[in-house]
Amino acid sequence: MTGETGPQTAPEAHSLTAKLANGVAMPRVGLGVYLVPPGRKAREAVAAALKLGYRHIDTARLYGNEADVGQALRDSGLPRDELFVTTKLWNADHGFERTLAAFDESRAALGFETVDLFLLHWPVPRLRKDSWRALERLYDEGRVRAIGVSNFMVRHLEELLAGARIAPMVNQIEVHPFFQQREVRAWCAKHNIAVAAYSPLAKGDVARDPTIRKVAVEAGATPAQVALAWGLHHDLIVLPKSVRLERQRENLAATKIRLTPAQIATLDGLDRGQVTDWDPREAP
Ligand SMILES: NC(=O)c1ccc[n+]([C@@H]2O[C@H](COP(=O)([O-])OP(=O)(O)OC[C@H]3O[C@@H](n4cnc5c(N)ncnc54)[C@H](OP(=O)(O)O)[C@@H]3O)[C@@H](O)[C@H]2O)c1
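Numbering of the sequence shown is given in my numbering, commencing with residue 2 and proceeding in unit increments.
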């Protein structure tokens with residue numbers, strides 16, 4: 002997967018998009034809203050981000066804030082086709098019929114006719130194949146513009162592709178300089194599956210790392226921007242979460258940071274298998 006424009010050439014943060022296997026354009030910086038409390042807090046965080054130029058919001062049934070995300074997107078007055086919203090099927094909702102019903106609930110909560118990207122949140126054993134068939138149905142019916150998975154490792158992807166009619170267009174996994182997931186990323190690149198990086202700031206840890214801080218000083222950037230620019234350099238879609246206006250601005254501006262090959266190599270050297278969220282590597 003190659004972005005339509007690389008970070009070196011992007012004039013405007015929100016025009017930087019990845020082209021998915023089916024041609025859908027997905028903004029390469031999205032606002033994550035995990036642990037953003039539902040209600041006013043979530044609506045304000047999304048509204049602020051949209052004003053700054055974010056056009057992509059990453060939510061999930063699990064996060065409990067789909068309705069607030071949808072409300073803020075609609076209240077922005079921005080044209081629907083300029084917005085990109087992802088939501089995810091929760092683990093308790095797997096199975097063909099249950100997936101269809103859960104999708105309807107998510108879609109209704111968001112308040113849109115179509116969802117841009119619908120993901121299986123986790124490779125739930127036994128049921129995930131049936132759930133995938135439901136996503137294929139939703140895609141055929143035009144109710145979702147793209148379908149994908151999250152937390153799928155290579156063996157989960159191989160199994161899925163063996164039985165799928167439609168391949169996932171996106172795999173959303175944890176990726177940051179301390180947990181680089183090279184094997185999954187390479188596999189996805191080979192199969193034209195875009196990789197979206199969740200917890201791209203290692204939940205804030207990147208800001209405390211002396212090596213990243215040193216690169217940030219050299220690059221005239223902040224540590225968070227360095228981590229995000231590294232992800233963009235590696236063709237990732239990045240999903241930083243912040244409820245603070247200044248940090249949202251800082252994170253979006255990472256699209257303008259250029260890292261030298263030596264700086265990229267330094268960051269490539271920081272992989273230490275540090276998982277900050279749930280760990281799918283042993284998931285059956
Ligand atoms: N598919 C999955 O299984 C899965 C799992 C985890 C996450 N996700 C998605 O990925 C998104 C991001 O992941 P995440 O929320 O786990 O972690 P993250 O984006 O790596 O880090 C978020 C943390 O870093 C802080 N932060 C944000 N910008 C910063 C900056 N510029 N400098 C210093 N600290 C900063 C935030 O605090 P403030 O908010 O106070 O600024 C928050 O504590 C989620 O919101 C969710 O959408 C998906």
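Just so it is clear, CB atoms sit at the ideal spot from N, CA and C, and this is done for glycine as well.
- In the DSSP assignment, Lys89 is bridged to Leu120.
- His177 has Phe180 as its beta-bridge partners, per DSSP.
- Between the alpha carbons of Ile174 and Leu118 lies a distance of about 15 Å.
- When the five nearest sequence neighbours on each side are left out, the beta carbons in the same chain lying within less than 6 Å of the beta carbon of Phe153 are those of Pro124, Asn172, in order along the chain.
- With at least 16 other beta carbons inside 10 angstroms of its own, Arg108 counts as buried.
- Comparing alpha-carbon positions, the option among Gly65, Val227, Glu159 lying closest to Arg214 turns out to be Val227.
- Taking a C-beta distance under 8 Å as the contact criterion, Ala135 and Leu111 do not qualify as a contact pair.
- The segment 158-167 makes no contact with the segment 197-205; the number of CB pairs closer than 8 Å stays below 3.
- If you look at Asp59, you'll find it in the beta strand (DSSP E) that goes 57-59.
- Under the criterion of beta carbons closer than 8 Å, Asp59 and Leu32 qualify as touching, at roughly 7 Å.
- Per DSSP, Lys20 is one residue of the beta strand (DSSP E) stretching across 18-20.
- Here the residues close to ligand 1, judged by CB distance below 5 Å to any of its heavy atoms, are Gly33, Tyr35, Asp59, Ser151, Gln173, Tyr199, Ser200, Leu202, Lys204, Gly205, Ala208, Ala225, Leu240, Pro241, Lys242, Ser243, Val244, Arg245, Arg248, Glu251, Asp278 in chain order.
- According to the DSSP assignment, Tyr140 belongs to the alpha helix (DSSP H) that extends over 129-141.
- A direct Cα-to-Cα measurement between Ala147 and Ala222 gives close to 34 Å.
- Rounded to whole angstroms, the separation of the alpha carbons of Val196 and Glu98 is 28 Å.
- Phe85 sits away from Pro169, with the two beta carbons spaced by 8 Å or more.
- Rounded to the nearest whole angstrom, the CA to CA distance from Leu233 to Ser151 is 19 Å.
- If one requires a minimum length of 3 residues, the beta strand (DSSP E) runs lying completely within the segment 32-72 are 57-59, in chain order.
- Here Ser107 carries a helix assignment [DSSP, helix/strand/coil].
- Assigned with DSSP and collapsed to three states, Asn172 falls in strand.
- Note that the segment 34-42 touches the segment 238-247; at least 3 beta-carbon pairs, one per stretch, sit closer than 8 Å.
- DSSP places Ile213 in the helix class (H, G or I) of the three-state scheme.
- For the options Glu283, Asp76, Gly96, Asn66, the alpha carbon positioned closest to that of Thr87 is the one of Asn66.
- In this structure, the straight-line span from the alpha carbon of Thr115 to that of Arg259 is close to 35 Å.
- For Arg44, the closest alpha carbon among the candidates Leu229, Tyr64, Gln72 is that of Gln72.
- Using a Cβ distance threshold of 8 Å, Arg81 and Phe104 do not count as a contacting pair.
- A check of alpha carbon separations from Val216 across Thr267, Leu121, Pro201, Cys189 identifies Thr267 as the nearest.
- Counting along the chain, Gly164 sits inside the alpha helix (DSSP H) bounded by residues 155-164.
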